[in-house]
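Everything on this sheet refers to the single structure shown next.
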Amino acid sequence: MVFLGITGFYAKLQVNGGLNLTKIHSTAIIDKDVELGEGVEIGAFSVIQGKVNIGDHCVIMDHASIHGNLKMGSKNVIHPGAVLGNAPQDISYRGEPTCVEIGDNNVIREFVTINRATTKAHLKTVIGNNNLIMAYCHIAHDCIIGNDNIMPNQSTLSGHVVIGNHVHTGGMTGIHQFVTVGDYSFTGFSSRIVKDVPPYMILEGNPAEPRTVNKIGLQRSGFSEEEISLIKLAFKVLYVSDSIFPEKIKTLESPPFSQSNHIRILRDFAVASSQGRNGRALEKK
C-alpha cells in the first residue's frame, strides 16, 4: 500500500516487549481492544473496532470496516469497502459473542461482506487460507470456507454453507443455506445452487445440476489422466445412468472404482447428500 507522507504516519507499537513498526493512516479509527501484529498496514478512513486480532503483515486498505469478535492470520489483503465481522443477518441473533476467523494469505476484494456467526452451529464463521474472494461477494453467518478457493464477483453464500478446497464458484452464483460444496468443483456463471455440489464436477443452471467433470481444474491441480478418466466414468454412473441410486453406489464400490480414494470421496459425498433434506447433507430429514 502507498501512503502519502503528509497524510499518514508510522505508529510504533510495543509487541511482546519489542518495537513493532506498523503503518497506520492518521484518519483510521482503531479501538483500544484491537491487537495488531508486526508490519500491519491500515489505510485511510478504515474502522477497526471490538475484539479484533490482526496477524503479521496484513494490509487493510482504505475505507475497510472490521468488527470484533474477529481473528485474522497473516499476510491477508483487505481491499477498500470490505466489511468483515459485522452482525449476522438473522432475526434470531441477540448480540451473542460469536466470531469470524480468517486464516492466512487471503485476498478479500472491494465491498465483500463476511458476517459473524449465530449461536445455531459452531459460533464461528470461518475462512481458511489462500482464498481469493472478489468484489461484492457475501459470506453469511456460520459459513465455513476451506483453502485455495476462488469466488468471483457477487458470489453469494447463505447461512451455514460449507465450501471445501480448490473450489471455483461462478460470478453471481447464489448458494442456498446449508449447502455443502465439494472439493475441486466448479459452478457456472449465475448458477442457483440449491443442492450439495459434488466434488470434482462442473455444475451449471437454474437450478444447477452436474454437467461434466471439472477436467481442466483437476489437471491444474495435478490429477493424473488415469484419475480423471476414472472420475469421468463415475460421473456417468452417478449422473447419466438410469439405474436406481443404490445400484449406482454399489457399482462405485466395485472395481475399477473401489481402489480409488477420489471415487470413495465422491461416493460418500453422494450418499450423505441423498440422506439430507432436498439434497443437502447438512439438513437431516
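For the sequence shown, position 195 (counting from the first letter as 1) is numbered 200 according to this note's numbering, and the numbering increases by one without interruption.
Cβ coordinates follow ideal geometry from the N, Cα and C atoms, glycine included.
For residue i and residue j, what's the separation of their Cα atoms in angstroms?
i       : j       : result
Val-57  : Cys-63  : 13 Å
Met-139 : Thr-103 : 25 Å
Gly-42  : Pro-261 : 51 Å
Asn-219 : Ser-229 : 13 Å
Pro-204 : Thr-192 : 11 Å
Gly-222 : Ser-190 : 8 Å
Thr-174 : Ile-155 : 7 Å
Val-186 : Ala-49  : 36 Å
Gly-44  : Met-66  : 14 Å
Gln-94  : Thr-161 : 13 Å
Ala-33  : Thr-27  : 13 Å
His-267 : Ser-248 : 21 Å
Val-172 : Asp-188 : 6 Å
Glu-232 : Val-242 : 15 Å
Arg-99  : Tyr-244 : 43 Å
Lys-237 : Asn-170 : 20 Å
Glu-106 : Gly-164 : 15 Å
Asp-147 : Thr-123 : 6 Å
Val-88  : Ala-239 : 41 Å
Ala-69  : Glu-101 : 23 Å
Phe-250 : Ile-113 : 40 Å
Asn-135 : Gly-210 : 28 Å
Asn-91  : Ser-31  : 23 Å
Ala-126 : Gly-227 : 35 Å
Ile-144 : Ser-265 : 33 Å
Glu-252 : Arg-272 : 12 Å
Glu-46  : Ile-83  : 10 Å
Glu-115 : Leu-137 : 12 Å
Asp-201 : Ser-79  : 31 Å
Gly-108 : Ile-132 : 6 Å
Asn-283 : Lys-290 : 9 Å
Val-199 : Arg-285 : 8 Å
Arg-216 : Ile-29  : 49 Å
Is any heavy atom of the ligand COA found at a distance shorter than 8 Å from the C-beta of residue i?
i       : result
Cys-142 : The model on display carries no ligand, and the ligand COA is accordingly not part of it.
I'd like to confirm the pairing. Which residues does DSSP put opposite residue i in its beta bridges?
i       : result
Thr-130 : Val-105
Leu-89  : Ile-71 and Ile-119
Val-199 : Partner(s): none; Val-199 has no beta bridge.
Arg-285 : Arg-282
Lys-80  : None; Lys-80 has no bridge partner.
Ile-180 : Leu-162 and Ile-198
Ile-168 : Ile-150 and Val-186
Ile-113 : Ile-83 and Ile-138
Ile-155 : Leu-137 and His-173
Ile-207 : Phe-191 and Thr-217
Give the secondary structure of residue i by DSSP, where H, G and I count as helix, E and B as strand, and everything else as coil.
i       : result
Ser-70  : strand
Phe-240 : helix
Val-276 : helix
His-146 : coil
Pro-212 : coil
Phe-191 : strand
Asp-247 : coil
Ile-96  : coil
Thr-217 : strand
His-267 : helix
Thr-174 : coil
Thr-256 : helix
Ser-234 : helix
Gly-227 : coil
For the structure I just gave you, are there three or more beta carbon pairs, one from the region 249-265 and one from the region 179-190, closer than 8 Å? no
Scan the region 21-69 and note each continuous beta strand (DSSP E) run of 3 residues or more that stays entirely inside, going in chain order. Complete beta strand (DSSP E) runs here, min 3: 23-30, 52-54 and 57-59.
Please confirm if the region 268-287 is in contact with the region 149-164, defined as three or more CB-CB distances below 8 Å between the two stretches. Taking 8 Å as the limit for Cβ pairs, the verdict is that the region 149-164 does not touch the region 268-287.
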